[in-house]
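Chemist: Chains as they are written, first to last, in our numbering: chain A, 1 to 230; chain B, 231 to 460.
Here a beta-carbon is modelled for each residue, glycine too, at the ideal position from N, C-alpha and C.
The structure displayed is predicted, hence computed values, not measured ones.
One structure, pasted below without further comment.
Number of protein chains: 2
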Amino acid sequence: MPGQSRVRHDLTAAAVELFLRKGYDETTVDEIAEAAGVARRTFFRHFRTKEDVVFPDHDDCLKRVEQSLADADPTQPPLAAVAVATHLVLAMYTDDPDASVQRYELTRHVTALRDRELIATSQYQRVFTSYLNRRSGGQPHTRLPDEVAAAAVVAAHNHVLRQWLRDGGKDDVHAELDRALAAVDASLGPWLAGRPSSEPTTDDQVVVVIMRRGTPMWRVVQEVETAAAG
Amino acid sequence: MPGQSRVRHDLTAAAVELFLRKGYDETTVDEIAEAAGVARRTFFRHFRTKEDVVFPDHDDCLKRVEQSLADADPTQPPLAAVAVATHLVLAMYTDDPDASVQRYELTRHVTALRDRELIATSQYQRVFTSYLNRRSGGQPHTRLPDEVAAAAVVAAHNHVLRQWLRDGGKDDVHAELDRALAAVDASLGPWLAGRPSSEPTTDDQVVVVIMRRGTPMWRVVQEVETAAAG
Numbered sequence: 001m002p003g004q005s006r007v008r009h010d011l012t013a014a015a016v017e018l019f020l021r022k023g024y025d026e027t028t029v030d031e032i033a034e035a036a037g038v039a040r041r042t043f044f045r046h047f048r049t050k051e052d053v054v055f056p057d058h059d060d061c062l063k064r065v066e067q068s069l070a071d072a073d074p075t076q077p078p079l080a081a082v083a084v085a086t087h088l089v090l091a092m093y094t095d096d097p098d099a100s101v102q103r104y105e106l107t108r109h110v111t112a113l114r115d116r117e118l119i120a121t122s123q124y125q126r127v128f129t130s131y132l133n134r135r136s137g138g139q140p141h142t143r144l145p146d147e148v149a150a151a152a153v154v155a156a157h158n159h160v161l162r163q164w165l166r167d168g169g170k171d172d173v174h175a176e177l178d179r180a181l182a183a184v185d186a187s188l189g190p191w192l193a194g195r196p197s198s199e200p201t202t203d204d205q206v207v208v209v210i211m212r213r214g215t216p217m218w219r220v221v222q223e224v225e226t227a228a229a230g
Numbered sequence: 231m232p233g234q235s236r237v238r239h240d241l242t243a244a245a246v247e248l249f250l251r252k253g254y255d256e257t258t259v260d261e262i263a264e265a266a267g268v269a270r271r272t273f274f275r276h277f278r279t280k281e282d283v284v285f286p287d288h289d290d291c292l293k294r295v296e297q298s299l300a301d302a303d304p305t306q307p308p309l310a311a312v313a314v315a316t317h318l319v320l321a322m323y324t325d326d327p328d329a330s331v332q333r334y335e336l337t338r339h340v341t342a343l344r345d346r347e348l349i350a351t352s353q354y355q356r357v358f359t360s361y362l363n364r365r366s367g368g369q370p371h372t373r374l375p376d377e378v379a380a381a382a383v384v385a386a387h388n389h390v391l392r393q394w395l396r397d398g399g400k401d402d403v404h405a406e407l408d409r410a411l412a413a414v415d416a417s418l419g420p421w422l423a424g425r426p427s428s429e430p431t432t433d434d435q436v437v438v439v440i441m442r443r444g445t446p447m448w449r450v451v452q453e454v455e456t457a458a459a460g
């Protein structure tokens with residue numbers, strides 16, 4: 001479990017077990033510390049609040065995500081760098097599937113915890129948006145696609161993660177994430193790359209292309225390019 | 231100001247003014263009630279907490295959004311129905327631009343309020359996702375595009391709203407939202423409609439595509455795919 005000390009892990013495991021058995025509101029920090037065999041002040045050396053204890057270390061993960069984006073090859077497509085960072089977030093859950101599944105159960109029943117998870121999620125989205133902004137040179141007109149793409153990536157991540165947690169943490173969710181991100185990229189990649197603008201151009205000549213239904217797309221593109229150049 | 235009583239509006243205005251002048255933590259409910267010329271218990275008839283007072287009535291708006299989606303014409307594209315609902319959310323802010331701009335200032339400085347706004351936002355996203363799920367017949371393979379599209383719509387809404395608030399609440403942000411949602415639709419509409427693959431079809435009917443010279447190639451591809459799917 002990279003980035004997590006043993007004590008931290010034991011406290012989390014004890015807390016999740018108590019929350020599920022006794023209820024979240026009914027469990028005290030003292031009981032958690034006792035169950036993990038440490039002193040109350042040790043608890044507070046690792047976590048600020050009772051809520052913090054049941055979360056993966058989002059602060060730590062956020063730093064890894066930021067570092068990964070800072071180190072990303074500037075010649076690779078921006079969404080590819082974001083995909084790598086997204087796998088780091090997912091790994092936080094897949095490193096310990098049992099704990100993640102238990103935590104998910106808890107999050108479903110305790111609103112305060114669900115809200116916390118949401119806020120953590122929004123921080124990744126903010127970091128992704130700001131990376132995409134940087135990559136697109138901070139142009140005002142790219143801010144919308146950057147922001148939409150970051151939201152789409154986070155939604156795709158959350159979708160596959162939630163599905164995996166519901167299924168009990170089996171299967172290769174990283175491969176599933178790759179497929180989901182490829183689908184996002186297929187839809188949003190062109191817009192992000194600044195190729196979309198659905199603004200009509202000022203030139204209003206018309207091109208007519210007639211082809212058989214079923215013509216491969218590469219052939220359509222070629223025909224249109226030829227016609228447009230003519 | 232539809233759905234808001236006069237007293238409610240006065241309480242909000244007084245609270246925002248006090249929060250900005252004295253600070254959020256330093257302002258009490260008693261002071262807010264006094265500034266609005268009402269009793270403390272009147273405050274609590276309208277709001278549960280001090281946080282609630284500075285927010286637009288998200289509960290009420292969420293009901294309007296759900297109703298609008300329940301009433302939506304089932305023959306119109308799902309994203310068009312979501313767009314209508316999104317304008318209802320935006321209208322909550324544009325109904326009173328000055329109050330919205332002041333509230334935005336506040337939200338930028340008080341983390342608790344920013345978090346609250348985020349949680350409210352996530353509720354719209356959840357409602358949009360569930361509408362899109364319904365419209366796509368709840369097939370497992372449409373859940374990812376549904377979820378991504380809902381996130382994209384909310385991100386686009388938040389983007390234009392934030393820009394408008396930063397610019398002081400001038401301009402026609404509803405027209406801006408239409409443009410942003412059209413761009414989202416252009417990118418995600420085909421995926422959502424289950425038409426993403428550019429697999430050639432077996433049918434050999436002829437497709438005629440007419441477009442302006444200068445139309446971006448991604449748009450041509452989209453048109454051809456739509457025509458071929460039709």
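1) Tell me which residues share the same chain as V84/A and place their Cβ nearer than 8 Å to its Cβ, disregarding the 5 neighbours each side in the sequence.
2) So which residues of chain A does V348/B contact, with C-beta pairs closer than 7 Å?
3) What does the alpha-carbon distance come out to for the pair S427/B and H58/A?
4) So that I know if they touch, is there some Cβ in chain A lying closer than 8 Å to that of L309/B?
5) Please report the straight-line C-alpha distance between V184/A and L90/A, rounded to a whole angstrom.
6) What in chain B is Cβ-close to E147/A, meaning under 7 Å?
7) So, is the C-beta of S366/B closer than 8 Å to a C-beta in chain A?
8) Going straight from the alpha carbon of A341/B to that of T121/A, what length do you get?
9) Taking the alpha-carbon positions, what's the I262/B to R346/B distance?
10) Residues of chain A with CB under 7 Å from L411/B, in chain order?
11) For the candidate residues A35/A, R21/A, D30/A, E51/A, whose alpha-carbon lies nearest to that of D10/A?
12) Skipping 5 residues on each side, what residues in its chain have a beta carbon closer than 8 Å to that of L188/A?
13) Do we get a CB-CB distance below 8 Å when we pair S417/B with the residues of chain A?
14) Residues of chain A with CB under 7 Å from V295/B, in chain order?
15) Using a beta-carbon distance below 8 Å, is W394/B in contact with chain A?
16) In chain B, which residues lie with their C-beta within 7 Å of the C-beta of A112/A?
17) Any Cβ of chain B within less than 8 Å of the Cβ of L88/A?
18) Suppose you measure from the CA of E392/B to the CA of R338/B; what does that come to, to the nearest Å?
19) On a CA-only basis, which of R135/A, G169/A, E51/A, F43/A is nearest Y93/A? Give me that one, please.
20) Among F249/B, K252/B, D402/B, W421/B, which residue has its Cα nearest to the Cα of D325/B?
21) Taking the alpha carbon of A405/B as the reference point, which residue from H317/B, P420/B, T257/B has its own alpha carbon closest?
22) For chain A, find out if any of its Cβ atoms is closer than 8 Å to the Cβ of S235/B; answer yes or no.
Modeler: The answer reads as follows:
1) S68, A72
2) Looking at the sequence itself, residue 348/B is Leu, so the reference to Val does not match. Those within 7 Å of L348/B in chain A are L118, I119, S122.
3) Any reading at S427/B is ruled out, since the residue's pLDDT is 39, under 50, leaving its predicted position unreliable.
4) no
5) 17 Å
6) A385, H389
7) no
8) Inspection of the sequence shows that residue 341/B is occupied by Thr rather than by Ala. Cα to Cα, T341/B sits roughly 15 Å from T121/A.
9) In a straight line, the C-alpha of I262/B is about 20 Å away from that of R346/B.
10) Here the premise fails: no neighbours, minimum Cβ distance about 10 Å.
11) Answer by Cα proximity: A35/A.
12) Closer than 8 Å at the Cβ level, and outside the excluded window around L188/A, lie L79, P145, V148, A149, A152.
13) yes
14) Result: empty, since nearest Cβ-Cβ is about 18 Å, beyond 7 Å.
15) No, W394/B lies away from the interface with chain A (no Cβ there is under 8 Å from its Cβ).
16) What A112/A touches in chain B: nothing, since even the nearest Cβ is about 11 Å away.
17) no
18) Note on identity: in this sequence residue 392/B is Arg, with Glu being the wrong assignment. Each residue's alpha carbon lies about 11 Å from the other.
19) G169/A
20) D402/B
21) Between A405/B and the set H317/B, P420/B, T257/B, the nearest pair of CA atoms involves H317/B.
22) no
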